[in-house]
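Some notes on the structure that comes next.
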Amino acid sequence: MFKWTWKSLFSQRGTLIGSALGIACTFILVIFFDAVWRGETVQIVSYPNHMKPDVWVMQNGVGNMHMAMSFVWDWKADKIAKMPGVKRVTPILYMNSVVTANQTKMFAFIVGLLPNDKRAGPWALTAGRHIENPLETVIPDVLSTITNVNIGDQLHIADKSFTVVGLSSGTYSSANSVLFVPFSDLEDVLSSTGTYSYLLVDAEEGIDPGSLAKSIRDEVEKVNALTHEEFVRNDFSLAKQMGIEIIIIMTAICSALAVLIVGFTSYSLVMRRRRELAIIMALGMGSMNILISVVFQSGILTFFGFTIAVIFALFVIPYIPLLLPQLTLAVSVTSLTQIGLIALVVAILGALIPAWLVSRVEPATAFHL
Amino acid sequence: MPELIIKARNLTKSFGSGHTAVTAVNNVTIDIQPGEIVLVMGPSGSGKTTLLSMLGGLLSPSQGTIEIDGTNITTLKESALPDIRALKLGFIFQTFNLLDALTVEENILFPAQLHPGGINEARGRANKLIDQLGLEKRRHALPQTLSGGEKQRVAIARALINEPKVILADEPTGNLDSQTGQEVMMILHEIAREQGYSVVLVTHDPRVEDIADRILWLEDGKLGARKQEQHKWSRDPVCGMRVDEWTADIKTEYESKEYFFCSDKCLDNFTANPEQYKS
């Protein structure tokens, strides 16, 4: 029976290839959207991820960085720096703002760095240098490519103009890139003095970050202190929440499209093969076997479509950022497995209407064909 | 007296209900002996195919009972009928009904997957049938490359692969030219006689009468004696075979005269060049 299903499907290569490609397109869309979302989600938390202090300290009630605002008095940084087990405290000022570069406006994280601070600054420069003077900035290299703002050019943050002195890699995200400016300039933009946004606390060797965070919470009033893992987990989960609905909707739309293609193809194959189905039933094949063969047929179509999509995901998607540097794509085994499970559901759902049609085939019609 | 292979009692099949009800088969009783070749003849629309469908477990009767090899199939669950069809019955159809994507050998072996021995055990039987039916050179051919006669021989082999008790054939020569039709019938006759298969054959073709042990005449859904006056013989203008005008449904009109044919192929030949054949 499976041989007949298999050979019948392959006897109509045009239909098979067309359907498999159609299904593959829908899965490619799902994989692509998922890759964009995952890539962006990872990229959104790339700054805290790369800073990796043992403990993050922020205003009480704040637990992450993405889209958050935090103020910590400067004397609290001094107090923490003097606590046992603390090796170094690196304060940063931080705000979310719109950056205007060559008429292009985009949302960005602005990190204000104290003079000569390399600890909290860009971790990989691809061109230029670190900021040394007022009104200088280091921007993501991808942002420079997209906006055509290069070293020596100006860009605007709030009401101030900054000169680009360096380009950094790994700091671009289409949702929010990370730009570095002098601490005093950002202080000026925020009209604040004597406050920091976050404190990056490095612990002495052998000190447990969890215990240190607890000590800071206990001893310094109105601050929150979290280990790096907790802080990044909070940020990542918030970043994930921001796009998850869209991704679920896109996945649902594409999956529904895949179900329609699988269903329509299986339906048309069953319609074309009603004559043979009646013959097979007349020859003694039970309806359960025939229903299984319809599901098998739909499974083959979905499998081919999914395989093409996975090949695309593994061999094409990694090269897309070379053409479109603003895209950060991440394809993971987990996402492919999830899409594989969706494919399984697609195959079963796609077989429902054809299976219903099969159940209505009368074997007696074999005599009248 | 040997046990009956088919024992059908008071079979009635009605379609529709109320004013639109049509009784296709009306209170028919048939007994078929092992090894017996029985022809069911009758005019078009007399209920022959409906009767055959009921005997084959493809259609449930409105009334009456059918026993196949001692099993009452009218009381069986729907889900049990496929096994009866697969193991006790072999079907031969007018339009051959081969599976297009499968080769000759695969078509023949197809019902064997439903046999307890499976396909592997059936290979020997398939080889024998392929040899017997002269299909050796066409073993790996697809149905679309076969002639009508070859297709029907494959269909016969497929019907016999599970060594059923009964072969049910519906107009097996209907789509064949007269010579091929005769050859196919002779093959079926030989194998049935040799292996002791019972054959129930529905046909319009009067030439098939020669191979039958018994002829049943079905008219308006009822079995009855065939009356001589119900024949009106004429000659197929293409092949010259005798055709019964009362029962023939392959016919055409040319220059205000009606012509009757033994097969579609003869009709096609006539249509292509009527001047050559007109009388």
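Read top to bottom, the protein sequences are chains A and B.
In my numbering, each residue's number is its place in the first sequence (first place is 1) plus 2.
With the first letter of the second sequence counted as 1, position 10 gets the number -6 in my numbering; the numbers rise by one all the way through.
The beta-carbon is built from N, C-alpha and C at its ideal position, and this holds for glycine as well.
Note that the structure is a prediction, hence the values are computed from the model and not measured.
Distance from the CA atom of Thr336 (chain A) to the CA atom of Asp36 (chain A), rounded to whole angstroms, is 11 Å. Sequence-ordered contacts of the stretch 10 to 36 of chain B with chain A read Thr33, Leu36 [C-beta pairs closer than 8 Å]. Counting only runs of at least 3 residues, the stretch 185 to 218 of chain B fully encloses the following beta strand (DSSP E) elements, listed from N- to C-terminal order: 198 to 203, 206 to 208. Beta-bridge partners assigned by DSSP to His158 (chain A): A:Thr102, A:Ser163. The secondary-structure analysis by DSSP pairs Ala110 (chain A) across a beta bridge with A:Ser99, A:Ser179. Ranked by Cα distance from Asp204 (chain B), the options B:Pro27, B:Val22, B:Ile(-10), B:Ala(-8) are led by B:Pro27. A residue is called buried when at least 16 other Cβ atoms come within 10 angstroms of its Cβ; Leu188 (chain A) meets this threshold and is buried.
Where Gln47 (chain B) is concerned, the enclosing beta strand (DSSP E) starts and stops at 47 to 52. Annotation for Ala153 (chain B): the continuous beta strand (DSSP E) segment containing it runs 150 to 154.
Close to Phe(-1) (chain B), with beta-carbon spacing below 9 Å, lies no residue of chain A; the smallest spacing is near 11 Å. Against chain A, the beta carbon of Pro95 (chain B) has neighbours under 7 Å at Leu285, Gly286, listed in chain order. Contact between Asp155 (chain A) and Val144 (chain A) is ruled out by a C-beta separation of about 15 Å, above the 8 Å threshold. At a beta-carbon threshold of 8 Å, none of the residues of chain A lie near Ser247 (chain B); the nearest stands roughly 17 Å away. Residue pairing from DSSP places Val24 (chain B) in a beta bridge opposite B:Val186, B:Leu200. In the structure shown, the three-state DSSP call for Glu167 (chain B) is helix. Contact annotation: Met169 (chain B) and Ile145 (chain B) have beta-carbon atoms that are not nearer than 8 Å. Per the C-alpha coordinates, the member of B:Asn81, B:Ser46, B:Gly31 positioned closest to Ala368 (chain A) is B:Asn81. For Lys89 (chain A), the secondary structure class from DSSP, reduced to helix, strand or coil, is strand.
In the DSSP annotation of this structure, the continuous segment of the beta strand (DSSP E) that includes Gly130 (chain A) starts and ends at 127 to 130.
In its chain, beyond the 5 residues on either side, Thr43 have a beta carbon closer than 8 Å to the beta carbon of Lys242 (chain A).
Annotation: Cβ neighbours of Ile281 (chain A) in chain B (cutoff 9 Å, chain order): Phe75, Phe77, Asn81, Leu82, Leu83. With 16 or more other CB atoms across the displayed protein chains lying within 10 angstroms of its CB, Glu89 (chain B) is buried. Less than 8 Å separates the beta-carbon of Ile(-11) (chain B) from that of Ile16 (chain B).
With fewer than 16 neighbouring CB atoms inside 10 Å of its own CB, Tyr321 (chain A) falls in the exposed class.
Tyr261 (chain B) carries a helical assignment under DSSP once its states are collapsed to helix, strand and coil. Of all residues in the stretch 136 to 168 of chain B, the ones placed with a Cβ closer than 7 Å to any Cβ belonging to chain A are Asp154, in chain order. About 5 Å separates the beta carbons of Thr28 (chain A) and Leu259 (chain A), which is inside the 8 Å limit, making them a contact pair. Taking 8 Å as the Cβ-Cβ cut-off, the stretch 33 to 60 of chain B approaches chain A at Thr33, Leu36, Ser37, Gly40, Leu42, Leu43, given in chain order. Nearest to Leu228 (chain A) by alpha-carbon distance, out of A:Pro211, A:Gly24, A:Arg121, is A:Pro211.
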